[in-house]
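Residue numbers (my numbering), protein chains in the order written: chain X, 1 to 222; chain A, 223 to 942. Shown next, in structure tokens, is the structure this report addresses.
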């Protein structure tokens, strides 16, 4: 199983995401934002957290227009898997691979804490290790995690069962408590919380490992 | 461009005293040019030269088998085994943070991170020790919000976990806040980079961001007292860009791995001047700079401006000439500037050329080596008057006075604005006691704490200095770590006042005694003087940052008490209420002497706790607020109530030193008692964790009510 983790110049969770993929048994290649193609045979692309290009403009806006983003979009359009976490989620919305936008937190402050989430659907390779309704606990750390979309988009996400995770106690003002969403083909997941920071008990909990294990197992079935 | 004429007013505006100017005339045998005056002012100000403090700093213990490199480089280097080293330092950014809180604090974080990675270390942890004025002072809320946001804004984007620190409020900081930023990094012990240049004719390379006019004269500003012209000083504050710093980090580490670097130095205070002089001075070489080659952000910059600019995210390096192409390619990859701006020269000379003009031509060694050094007059701080009678308080009211005060309330409002988890190795997040971070890919972990009790230092600088170190020792010990080494950030008022200098001298002596007794030598540090506004000084605040080692996570004490666990105190409780938090918060009294610190007891009790870590579920040091506050914090974090049996204000709120609170499962208490008896360590059962009520010597309140007060007080005090 091959994973590629993108490094933008301001990525700072790229190593952590690579470590989590490796822990789940993936063969991980690190790719640079100026690369124009992904390595041969990549199954899943990881778009890590951080501040891709400083994010002085809209978060992820410049990253979404980088050479590697074009390669990632082609990969997704071919039915490849993509996992975007935190800034990675912001990048995915900026590329249009996922709908909606991440606005400034309602409280206007950066928030770092562990949050309780509900697994809203088990119908994806990312979440198939859980049952819908299960509770998991991941850390969040973001300034712009307030998920926002127009009513039609929200209705479609709901109708197509594409909300992957919701917050139990909404920390950032996200519409409908949305913490993570899936693409129409259910192979692109973007989420604000950091499962890669919850893969060992020493980190304060290992719930995130459930996502990486399910993803690697789920992809194998395709 | 014509440079201004040198007048007495211009000399004074550069912070140079008449006798210091006289010395310049003697050294160079002529009047300096404007650029030269600026260079002298930058090198000889208090911030860069340590001219008032050097004599005393030299007395501190700085060596030990664990020390690879002590003070004098960008940061201290300490052995953590297996060929690895931790590199750390703490530095103040007080004046800039008061003038422009967000950028002042942000660039403080940026500066300390550069100090660490310029030595070849990847930063793995940060802390911040913050002292603010009282919440109802009109500027405080604005400063708190800006400083916290600035620290988060920079550290979070850079990608270093902030795992500890302190926040205090006191009227003495109304006109002069303190922002002390700590960073620690990890490197291979045989791959440390130092600042001494070597070899003649070696290229001097400028790396990183472009030079602008920001921060011109910043170091001189940081060495002056504040008055009502403070608003005019805003342009001397630098502006930070963590995105560039992150790229600079990655590019520098790649460059260092490519074996291209002879020496490297970050451009901090006094930018190009200080970094170039440092590399030349340490390598016994001269430096020639051609300023036309300096990457510039603004048009028509003068030599004076370029030499004194404090634009952030810049480095200066002496390069192995055959590696130019390799090095240039790395910086181009990261889209950073790379420019050869000069070379090393054999003679003792600092030669600055701009266009076809010589803008400065100075003996280089004279700039640092013969910088003024003062033996300032000082008077010993008089012994504190004895503490008058302290009325007995209702213990719950006493606890409420503490947990309802922003200095002792829950600090989630602060910590949650910092990313404490990035790098995914944080084992113990900020909040209570030391932060703990794993050494990536090894079983080891490092613990970090910063401590000082300024009330104590003011009442008794010697005991207060000892106490700051002892508290750091205890905080590291309470998580199971063995204290390794220390960095000191000395924040004081105007050293030209003998009583202020006396505080400094007393604190240094106390710190020296404690780090010697507890084997945690000083490996780096920073001095910030002239922390006064309109002639009123801050509380003397020698912040101690300390690092401890866990050879394996098995040694970690990070649990929480469980229902029915016993509460026990290691150490002797005499009930010292002088300068206590209770006295200050409940009665507004700052009286009496600081608690005495028995360093032998500190060592014995610390070693006892580390040796018996398996018998305790949780541990905490007892400091501000004594037993009552520490026990409440431990219980509240676990969502448990608490019953403490000792009665009397002194027993519950006294701040005797060398004490720990431990939570112990009932079936292990006997073994712990036996171990304590065998070791000759006092151990006293003081109560029990559990239930939903907090009962202190018979007085009770529901945990939920106290918890609400404790968790809301900070945000309410500063208005959200």
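Here a beta-carbon is modelled for each residue, glycine too, at the ideal position from N, C-alpha and C.
Residue 939/A: member of the alpha helix (DSSP H) spanning 925-940, first to last residue. Rounded to the nearest angstrom, the gap between the Cα atoms of residue 279/A and residue 730/A is 7 Å. The residues 2, in chain order, have a CB closer than 7 Å to that of residue 41/X in the same chain once the five nearest residues on each side in sequence are set aside.
Rounded to whole angstroms, the Cβ separation of residue 38/X and residue 44/X is 10 Å, and the two are not in contact under 8 Å.
The DSSP-derived three-state label of residue 600/A is coil. Residues of the region 80-101 of chain X whose Cβ lies closer than 7 Å to any Cβ of chain A: none. Inclusion of residue 674/A and residue 765/A in the CB contact set at 8 Å is warranted, their separation being smaller than that value. Counting every other CB atom within 10 Å of its CB across the protein chains shown gives residue 244/A a total below 16, marking it as exposed.
Taking a cut-off of 8 Å for Cβ pairs, the region 662-678 of chain A and the region 733-741 of chain A do not touch, as fewer than three such pairs fall below it. Burial check for residue 364/A: the Cβ neighbour count within 10 Å stays below 16, so the residue is exposed.
In terms of Cβ geometry, residue 707/A and residue 819/A do not form a close pair [threshold 8 Å]. Residue burial is scored here from C-beta neighbours: residue 224/A has fewer than 16 other C-beta atoms within 10 angstroms and is therefore classed as exposed. Look at residue 600/A: its C-beta is not under 8 Å from any C-beta on chain X.
In this structure, 9/X is the residue among 98/X, 17/X, 176/X, 9/X with its C-alpha nearest to the C-alpha of residue 33/X.
If you look at residue 203/X, you'll find it isn't in any alpha helix (DSSP H); DSSP assigns it neither H nor E.
By the Cβ-count criterion, residue 314/A is buried, with 16 or more other Cβ atoms from all chains shown falling within 10 Å of its own Cβ. In the structure shown, residue 156/X adopts helical secondary structure according to DSSP, grouped into three states.
Neighbours of residue 468/A in chain X, taken as residues at a C-beta separation under 9 Å, are given in chain order as 9, 10, 11, 12, 50, 51, 54. Residue pairing by DSSP places residue 533/A in no beta bridge whatsoever. For residue 307/A, the uninterrupted beta strand (DSSP E) segment begins and ends at 306-314.
Scanning the region 489-520 of chain A for uninterrupted alpha helix (DSSP H) segments of 4 residues or longer gives 493-505, listed from N- to C-terminal end. Three or more beta-carbon pairs separated by less than 8 Å are not found between the region 793-801 of chain A and the region 916-924 of chain A, which leaves the two stretches without contact. Put simply, the backbone Cα of residue 704/A is about 14 Å away from that of residue 659/A.
With the criterion set as a beta carbon lying under 7 Å from some beta carbon of chain X, the region 900-925 of chain A has no members that meet it.
Using a Cβ-Cβ cut-off of 8 Å, residue 266/A is close to nothing in chain X; its nearest Cβ partner there is about 36 Å away.
Identification of residues in the region 189-201 of chain X having a C-beta nearer than 8 Å to some C-beta of chain A yields 194, 196, 197, 199, given in sequence order.
Residue pairing for residue 638/A: DSSP places it in no beta bridge. In the DSSP annotation of this structure, residue 175/X is not part of any beta strand (DSSP E), being labelled neither H nor E. With a cut-off of 8 Å on Cβ pairs, the region 85-102 of chain X is in contact with the region 181-193 of chain X, counting three or more such pairs.
Between the C-alpha atoms of residue 131/X and residue 164/X there is a straight-line separation of about 11 Å. Cα atoms of residue 60/X and residue 346/A: separation of roughly 25 Å, rounded to the nearest angstrom. Secondary structure at residue 332/A: helix, using DSSP grouped into helix, strand and coil. Residues of the region 763-784 of chain A with a C-beta atom less than 8 Å from some C-beta of chain X are 775, listed in chain order. Among the residues facing chain X, residue 381/A is included, as its CB has a counterpart in that chain under 8 Å away.
Taking CB atoms only, residue 109/X has a neighbour in chain A less than 8 Å away. Chain-ordered listing is empty here: chain A has no CB closer than 9 Å to the CB of residue 59/X, the nearest sitting near 11 Å.
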